[in-house]
Amino acid sequence: MSKKLELMDILAFIIVYLISISKNSCSPVDEYETEDLFPIFEFIIPRNDPTYACLKLQTSLFLSVAYPAKVGNEELIKKVNFSIGESDISSYTGFCQKERNQIEIIFLNEWRLEFYFYRTNETYLFDHVVLYYKLDGALFPDSIHHGAQSEVYDYTFVNSTLSHSFRCNSGILIDLGEVKIDLVNFKVEAFFDKRPNLPFDEEIVCEADKEPLSQIFQGWLYIFAALIAFLVVISTLYLFMIHRSHAKKIKREQRSDPFEIADNQENLDESNYNETIERTHSKEKKRLVVRV
1215 MSKKLELMDI LAFIIVYLIS ISKNSCSPVD EYETEDLFPI FEFIIPRNDP TYACLKLQTS
1275 LFLSVAYPAK VGNEELIKKV NFSIGESDIS SYTGFCQKER NQIEIIFLNE WRLEFYFYRT
1335 NETYLFDHVV LYYKLDGALF PDSIHHGAQS EVYDYTFVNS TLSHSFRCNS GILIDLGEVK
1395 IDLVNFKVEA FFDKRPNLPF DEEIVCEADK EPLSQIFQGW LYIFAALIAF LVVISTLYLF
1455 MIHRSHAKKI KREQRSDPFE IADNQENLDE SNYNETIERT HSKEKKRLVV RV
């Protein structure tokens, strides 16, 4: 019985473990893993206007910069990865127009990042990025080039319906060639046209944040297979225990009446004797009939 309980405990543990795996594999992306370590900035355009906002944007900023460097006589490509903290943001500004919203973020003293949002009929697009940056020796050691650099990129990162916000916690990657910008925990609503203290409108979620149906099916398949296996094992154990209990009961009954077998044998012998007598009488009767 103790072995049965141990096996049941092991099976229960396996089922709980599979369920936890399926939950983890099916759950949507809610927050970036490093949210507690890196801040989520909120930008509202125009600034310091309690009555009106055309643009609301929330994001964390991560950058990767590859730059040519020279160490001794060797020239190579170095890469620096870093995040933007609260102390790195100097200021931000922007403007509101009927067909265009723009935000300009100043960070690391002389870096400037510009986002442009355009209105088209019932939608708005985020499809234009400009970055001005400076390669200084403190942040980029052994850099060959110094001074200002600029990158312009045109690509549709967001295509959302008006009066809707757009969310992508997984991140929007802006590839500027030597510089890559990752906007994590990203949420925006352009052409907001409301008071800034009002919440975002109904959100549209990026594909990376959506819960894949294949993962849902896979998770439930694990659970179903584990339950089937559990039921098969329990049913087998149940039948085995019933058979074993029945066999023990028969042995106990035999041990409780030691003369039962002998009595059965005597009854069998007596029955055989009576049958033999009856067969003999029957033959005698047949013989008598023949003689007559």
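Numbering (the numbering used here), first residue to last: 1215 to 1506.
Where is the CB? At the ideal position from N, CA and C, for every residue including glycine.
It should be emphasised that the depicted structure is a prediction, and the values quoted were computed from it without experimental measurement.
Residue i in three-state terms, based on DSSP
i       : result
Thr1337 : strand
Thr1370 : strand
Ser1377 : coil
Phe1354 : coil
Val1243 : Residue placement at Val1243 cannot be trusted, given a pLDDT of 37 that sits under 50; the coordinates are not used to answer.
His1342 : strand
Phe1276 : strand
Phe1444 : helix
Leu1453 : helix
Phe1414 : coil
Glu1328 : strand
The beta strand (DSSP E) enclosing residue i, as first and last residue numbers
i       : result
Pro1253 : Where Pro1253 is concerned, there is no enclosing beta strand (DSSP E), given that its DSSP letter is neither H nor E.
Glu1289 : 1288-1297
Phe1400 : 1393-1408
Asp1263 : Segment: none, Asp1263 is in no beta strand (DSSP E) and carries neither H nor E.
Cys1310 : 1303-1310
Asn1315 : 1314-1321
Glu1425 : No beta strand (DSSP E) contains Glu1425, which DSSP labels as neither H nor E.
Glu1417 : 1417-1419
Leu1387 : 1386-1389
Residue of the options minimising C-alpha distance to residue i
i       : options                            : result
Phe1414 : Val1402, Cys1420, Phe1329          : Val1402
Phe1329 : Asn1323, Tyr1306, Lys1312          : Tyr1306
Ile1298 : Cys1310, Cys1268, Leu1353          : Leu1353
Ala1422 : Phe1371, Asn1335, Phe1405, Glu1392 : Phe1371
Tyr1369 : Phe1331, His1342, Met1455, Ala1443 : His1342
Glu1318 : Pro1282, Arg1261, His1378, Gly1385 : Arg1261
Glu1288 : His1378, Ile1358, Gly1385          : Ile1358
Leu1534 : Ile1258, Val1419, Ile1448, Phe1321 : Coverage of the chain is limited to positions 1215 through 1506, which leaves residue 1534 absent and any answer about it impossible.
Pro1253 : Ile1303, Phe1405, Ile1291, Ala1283 : Ile1303
Ile1320 : Leu1290, Glu1300, Ala1443          : Glu1300
Status (buried if at least 16 other CB within 10 Å, exposed otherwise) for residue i
i       : result
Ser1459 : exposed
Phe1340 : buried
Gln1316 : buried
Phe1331 : buried
Asn1411 : exposed
Tyr1522 : The displayed coordinates of the chain run from 1215 to 1506. Any statement about residue 1522 would go beyond what the structure contains.
Ile1456 : exposed
Lys1312 : exposed
Val1366 : exposed
Arg1409 : exposed
Lys1424 : exposed
Phe1380 : buried
Asn1383 : buried
Thr1273 : buried
Ala1461 : exposed
Val1398 : buried
Phe1508 : No answer is possible for residue 1508: it lies beyond the span of the chain, which begins at 1215 and ends at 1506.
Ser1374 : buried
Phe1296 : exposed
Gly1385 : buried
Lys1237 : Because Lys1237 sits at a pLDDT of 43, beneath the cut-off of 50, its placement in the model cannot be relied upon, and the following sentence gives the value as read from the coordinates. Flag for Lys1237 reads exposed.
Ala1439 : exposed
Ala1443 : exposed
Leu1290 : exposed
Whole-Å CB distance - residue i paired with residue j, under 8 Å assumed
i       : j       : result
Phe1255 : Asp1396 : About 14 Å separates the two Cβ atoms, so there is no contact after all.
Asp1356 : Val1285 : 5 Å
Val1393 : Val1294 : About 10 Å; that fails the 8 Å criterion.
Leu1345 : Leu1387 : So it is not a contact: roughly 14 Å between Cβ atoms.
Glu1417 : Leu1376 : The Cβ separation is near 13 Å, so there is no contact.
Cys1268 : Phe1400 : Not quite, the Cβ-Cβ distance comes to about 18 Å (not below 8 Å), so this is no contact.
Tyr1347 : Gln1363 : 5 Å
Chain D within 8 Å of residue i, Cβ atoms only
i       : result
His1342 : Within the model displayed, chain D is absent; a lone protein chain is all it includes.
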